[in-house]
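Just below is one structure, and these are the notes that go with it.
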Amino acid sequence: MLREAIYHRPKQNWAYAYDNKTVHLRVRTKRGEADEACVIAGDKYAWKQTRDVVPMKLLASDELFDYWEAEVVPPLRRLKYGFCFRSGDERLYMSEKGFSPVEPDNYLTLFEFPFLNPADVFVPPAWVKDAVFYQIFPERFANGDPSLNPEGTLPWGGAPTPTNFFGGDLQGVLERLDHLSALGVNAIYFNPLFEATTNHKYDTKDYLKVDPRFGTNEKLKELVDACHARGIRVMLDAVFNHSGKEFPPFVDVLEKGAESPYAGWFHVRDFPLRVENRVPTYDTFGFEPIMPKLNTENAEVKRYLLDVARYWIEEVGIDGWRLDVANEVDHAFWRELRAVVKGLNPEAYILGEIWHDSISWLQGDQFDAVMNYPVTEAALDFFARGKTGPAQFADVIGSQLAAYPRQAAEAAFNLLGSHDTPRLLTVCGGDERRVKLATLFQLTYPGAACIYYGDEVGMAGGGDPDCRGCMVWETDKQNRELFAFFAAAIRLRQDHEALRSAGFRFLAADGGLLAYERLATDGSERFVVAMNVSERPIDAVLPVDPEDRRTPDPTAAWSPIFGDAPAEADGGLLKAKLPPFGYCVWRRQTIFTTPATLL
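Under UniProt numbering, the first residue of the sequence shown carries the number 1, and numbering increases by one thereafter.
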């Protein structure tokens, strides 16, 4: 076996506590090389009495590697462990000291998980993996109170620019909650609501005040209460990386320079504050002069921002924070914020905006999840742009599933578009079939899903500002057939725990065919999703039972329950005549006599 390909380290996504009694262990091997893998584990103080061999399951694969996983219950909350691999007749053992053709005779050379401390278990809010979010850009969603319109407000539906206003407000959201309920979403993510000068509100003036153009703090409380009455949770955008040009401490520094008592609130390289060659003499978001970066290492800044996080949870009852530009803020501040937020509401969701690998923030001491842009880009390249094929897509998804602890994958924020990206329909070249496939994948993939406002009725638009157009409310201008698809796919997800669980396995990824299986946590329900991501028809034939070593209830049967293709289940074969960009979902409810899991 290729030893250079084998990898494990006793931390992060490779060895972690999943709950108060279970440790997940993972190891990597060269793709297709190992026939079997297992863990040899026991207590370091009672090795002979507790030594056990635990088979590993293939968690995922990517272009180069296979990723194996085992669930181990330490007999006494401690573990010493090593790995054994079989490839044909070859056996290879791996310990902390390296490789050996025979099992190490000294268990002290094995890897160690010192102690399973419940306080160290990473526990995101349980509700998040069941959530379908709806992202609202407040200025462009609905104008419910014209008396709040800023000067120069344009008629609803005009062309968006970086600086114009159309009068969207909180009253407008209140009046349109029936739309969200009909769609089936159960959570809202709001772009910033606090007082600011721009239409996007990422340049905060007052962190403790709803922007008067949107309403009042009391109106937000009314909206949150109305959402909660419908079973809809509410997450706000926290812009703690930077403030706005009218933030009073920044105004004071502009006026007084180094003599300002707030000079330490910002990262200033040279006084007075100015812009030279389009680069400010103080740190900002990007090089934007109106968005000065806050110094979150400053004790007064920390106290102020933590009070902000506390205020909106205590006074308004919000259910979470989305943290803007999260990777540019120091880790110590995020740890303090988590302690404050979770101390007030352990079920509050803490979501970081990070566009790259985020394992450093997902250890249970900072965020519950990040915006899952690696999966976003993989899905868009495959479903929308047609730049990759099924095998490449499956490789990227496999790598992503192995990149984080399972609980982080269960709480990941999966999106296909946002206020920062071109709209889904536009990326799909106007092809609604591609929109449906991407959305079906999103809603049958582990983690929380998020629908960007208007995507469900066929809104189009390029990058900012075109992706921030006014919501289309005229029914005759909405794509109601697309709305019906979104609502049905969301309902499918909400009705079946298997489609929200972590149990995920690819069954086919070749030609234009992509197929994968989803399994309920307790093994009681299985789904297979098949998609034709090509311009030619495909006769999909998927064997499911022959490789299933579990013992099902003989009365259980597969049945197609969702799709646009003729489909059937014939014994251990699932068959569908998938038209170009067609799809089919089969379901089987099963009572297993032996434990079942995909992970």
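Glycine included, each C-beta is placed from N, C-alpha and C at the ideal position.
Computed from a prediction, not measured in an experiment: that's the story for all the values here.
For the 8 Å CB-CB criterion, F581 and R433 form a contact. In the same chain as G167, and ignoring 5 residues on each side of it, the C-beta atoms closer than 6 Å to its own belong to N143, N149, T153, in chain order. In the structure shown, L440 adopts helical secondary structure according to DSSP, grouped into three states. In this structure, V396 is the residue among V396, F367, L362, S358 with its C-alpha nearest to the C-alpha of V375.
DSSP links N414 through a beta bridge to A449. As computed with DSSP, K30 is found in a beta bridge with F65. DSSP, read as helix, strand or coil, puts Y373 in helix. In this structure, the straight-line span from the alpha carbon of E255 to that of L174 is close to 41 Å.
CA-to-CA, the gap between K577 and F562 works out to about 14 Å.
Each residue's CA atom was taken as its position, placing L116 and V123 some 14 Å apart. Within 10 angstroms of the beta-carbon of Q49 lie fewer than 16 other beta-carbons, which makes it exposed.
Note that the C-beta distance between V128 and D324 is not below 8 Å. L542 is bridged by DSSP to L574. When only Cα atoms are considered, H24 and T161 end up about 49 Å apart. In the three-state scheme derived from DSSP, where H, G and I count as helix and E and B as strand, N241 is classed as coil. About 6 Å separates the beta carbons of R322 and M235, which is inside the 8 Å limit, making them a contact pair. In this structure, the beta-carbon distance from A448 to L416 does not fall below 8 Å. In this structure the segment 502-516 lies against the segment 381-396, because at least three pairs of beta carbons, one per stretch, are closer than 8 Å.
The distance from the Cβ of F165 to that of E195 is about 14 Å, inconsistent with a contact at the 8 Å cut-off. In this structure, the beta-carbon distance from R493 to L424 does not fall below 8 Å. Taking one beta carbon from each stretch, the segment 375-384 and the segment 41-60 have fewer than 3 pairs nearer than 8 Å; the two do not touch. Positions of the beta strand (DSSP E) runs, each at least 3 residues long and wholly inside the segment 297-372, are given as 320-323, 349-352 in order along the chain.
The straight-line gap separating the alpha-carbon atoms of T198 and L305 is approximately 21 Å. By the beta-carbon neighbour count (other beta carbons within 10 angstroms, threshold 16), T426 is buried.
Per DSSP, the beta bridge partners of I188 are Y134, V234.
Boundaries for D466: no alpha helix (DSSP H) harbours it, and the DSSP string shows neither H nor E there. Just measuring C-alpha positions, the residue of G364, D211, L542, E315 sitting nearest L337 is G364. In terms of Cα proximity to Q478, the closest of P261, L223, G461, G454 is G454. For G398, the enclosing alpha helix (DSSP H) stretches over residues 390-403.
Counting only residues of its own chain and dropping the five nearest sequence neighbours on each side, V316 has a CB closer than 6 Å to the CB of L220, K221, V224. Residue state for K21 is assigned as coil, using DSSP reduced to three classes. At a Cβ-Cβ threshold of 8 Å, K436 and F485 count as neighbours. Residue state for N164 is assigned as coil, using DSSP reduced to three classes. Our two residues, A502 and V585, have alpha carbons roughly 18 Å apart in a direct line. Here D319 is buried. Its C-beta has 16 or more other C-beta atoms within 10 Å. Taking the Cα positions, Y189 is about 16 Å away from E347.
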